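Inspection log for the structure reproduced underneath, given as structure tokens.
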Amino acid sequence: MFRCRLAEFLVKVLPLSWARDLVLRRHMERCPRCTERLLSRAEARDWLIQDDEVEDDPRFWPAVRDRIRRDVAAAGLGMPALRPVWQRAAAVAGFLILAGAGFWLYKELGHGSVSTTSQALLRFRVNSLTVGGEPAAAVVIQPPEPDLVIVWVDHRPSSQ
Amino acid sequence: MDSLERFEEIMRTYRAPAMALALNVLGNREDAEDACQEAFAVAYRRLDPASPPPALKAWLFTVLYRKCLDAVRRRRRSDRLVRKVKQEAPDPETPGRREPRSLSDKLVLSEGVLGILGEKERLILSLWAKEEYTLNEIAGILACAPSTVRVHLFQARRKIKAWMEKDHVPLPTR
């Protein structure tokens with residue numbers, strides 16, 4: 104009797120389902136006194152609605168068929184859609200393709216979209232330039248070749 | 251035979267167990283019909299009738315259970331009361347009333363008994379008692395651990411037995 108009460112108490116208070124499951128398997132489902140207090144399968148079946156007790160509404164199942172046919176017609180498909188695992192695979196593949204294409208475009212075009220002057224400015228800044236101790240003007244020219252920068256110096260001697 | 255015809259064969263085979271399960275979980279015909287209709291529509295979209303899954307009935311029950319939960323949420327949101335079947339229903343309060351003779355009787359009596367259980371407990375009890383599924387099979391349908399199923403089943407069996415003993419209600423005879 105004490106064990107039964109203890110088991111019942113533990114099933115109520117234990118927070119983890121595996122622990123309650125252990126108590127149920129070890130005691131509640133083996134002890135004759137405790138199993139008497141449980142509904143048996145046969146008893147439960149008497150309360151539950153059985154398949155042969157379901158009274159078909161003659162309009163219901165044709166309506167379900169019509170609904171499915173309408174869904175098929177609306178989707179324009181004669182076959183069931185892809186199974187969820189293939190839908191997920193297609194979504195992941197599509198994402199990877201888009202990400203790869205975006206990354207490639209960024210690499211190819213990301214720096215080329217900057218104007219020549221801006222690019223030269225990004226790569227070079229001539230803060231001051233002197234020729235023969237006299238200040239000179241500089242023009243930075245960036246040809247298409249990526250590793251070539253031409254700096255044109257314009258110097259007019261002050262004696263001229 | 252095209253895929254729709256194959257699927258209609260599947261529907262003919264499983265519509266009675268599906269409706270019975272939905273009625274046992276939801277307790278009223280209207281919600282059960284909604285759930286069944288949604289479940290079969292979803293099943294058609296996801297299933298390849300030419301090569302159905304090995305445990306087709308269990309898979310259908312999984313889909314149906316999700317739709318039953320949707321129906322419960324809709325019902326709670328709209329605060330609908332459980333409706334009785336349209337057939338003439340007996341007075342549930344009659345003390346001498348013990349033996350359900352029709353579906354409506356059973357639904358009315360079931361409201362009292364199954365009303366003390368949650369949807370998950372009702373589903374587990376139906377699958378265990380009526381479909382005779384093992385705890386592992388039920389766990390697969392509910393996507394939970396078998397230990398969780400055992401605990402819910404135990405609670406459902408205890409609650410109904412305690413209710414019956416308290417109200418001194420003998421079992422309905424068939």
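One line per chain: the protein sequences are A and B, in this order. Sequential numbering from 104 applies to the first sequence in the numbering used here. Sequential numbering from 251 applies to the second sequence in the numbering used here. For glycine and all other residues, C-beta sits at the position ideal for the given N, C-alpha and C. Nothing here was measured: the structure is a model prediction, and the numbers come from that model.
Interface residues of chain A around residue i at Cβ under 7 Å?
i               : result
S426 of chain B : Here chain B covers residues 251 to 424 and nothing more, so residue 426 of chain B does not appear.
Y383 of chain B : Chain A residues near Y383 of chain B: none, gap ~11 Å exceeds 7 Å.
Please tell me whether residue i and residue j are closer than 8 Å, where the distance is taken between their beta carbons.
i               : j               : result
V254 of chain A : V243 of chain A : yes
L127 of chain A : R400 of chain B : yes
V157 of chain A : L273 of chain B : yes
F163 of chain A : E283 of chain B : yes
I171 of chain A : Y294 of chain B : yes
L141 of chain A : K411 of chain B : yes
Which first and last residues belong to the beta strand (DSSP E) in which residue i is found?
i               : result
I244 of chain A : 240-244
Is residue i helix, strand or coil by DSSP?
i               : result
T384 of chain B : coil
R324 of chain B : helix
V234 of chain A : strand
K411 of chain B : helix
G277 of chain B : coil
L310 of chain B : helix
R348 of chain B : Any reading at R348 of chain B needs caution, since the residue's pLDDT is 41, under 50, leaving its predicted position unreliable; the model's value is listed next. Coil, per DSSP.
D252 of chain B : coil
D341 of chain B : Residue confidence for D341 of chain B is low, a pLDDT of 44 falling below 50, so the modelled location carries little weight and cannot support an answer.
Q153 of chain A : coil
Start and end of the alpha helix (DSSP H) containing residue i?
i               : result
V252 of chain A : Where V252 of chain A is concerned, there is no enclosing alpha helix (DSSP H), given that its DSSP letter is neither H nor E.
L375 of chain B : 369-375
C137 of chain A : 135-139
E146 of chain A : 144-150
How would you list, in chain order, the residues of chain B whose beta-carbon sits under 7 Å from the beta-carbon of residue i?
i               : result
M131 of chain A : F404
W189 of chain A : Under the 7 Å cutoff, chain B gives no residues; its nearest Cβ is about 11 Å from W189 of chain A.
Using a Cβ cut-off of 9 Å, pull out every chain B residue sitting near residue i, in sequence order please.
i               : result
L142 of chain A : L375, A379, A406, R407, R408, K409, I410, K411, M414
L109 of chain A : Ordered by position in chain B, no residue passes the 9 Å Cβ test against L109 of chain A, which lies about 16 Å from the chain.
A147 of chain A : L375, S376, W378, A379, K380, A406, R407, I410
Could you work out which residues of chain B lie near residue i, taking near to mean beta carbons separated by less than 8 Å?
i               : result
D169 of chain A : Near D169 of chain A there are no residues of chain B at all, since even the closest Cβ is about 10 Å away, more than 8 Å.
Find the residues of chain A that neighbour residue i, judging by a C-beta separation of less than 8 Å, and give them in chain order.
i               : result
A291 of chain B : V167, R170, I171, D174
Whose Cβ in chain A lies nearer than 9 Å to the Cβ of residue i?
i               : result
E258 of chain B : R168, I171
Give the residues from the region 296-320 of chain B that approach chain A closer than 9 Å (Cβ to any Cβ), ordered along the chain. Per Cβ criterion, the list reads R296, L297, D298, P299.
Residues within the region 266-285 of chain B neighbouring chain A, beta-carbon criterion of under 7 Å: Per Cβ criterion, the list reads A266, P267, M269, A270, L273, N274, E283.
Taking a cut of 9 Å between CB atoms, which residues from the region 153-164 of chain A lie near chain B? Hits within the stretch, in order: Q153, D154, D155, E156, V157, E158, D159, D160, F163, W164.
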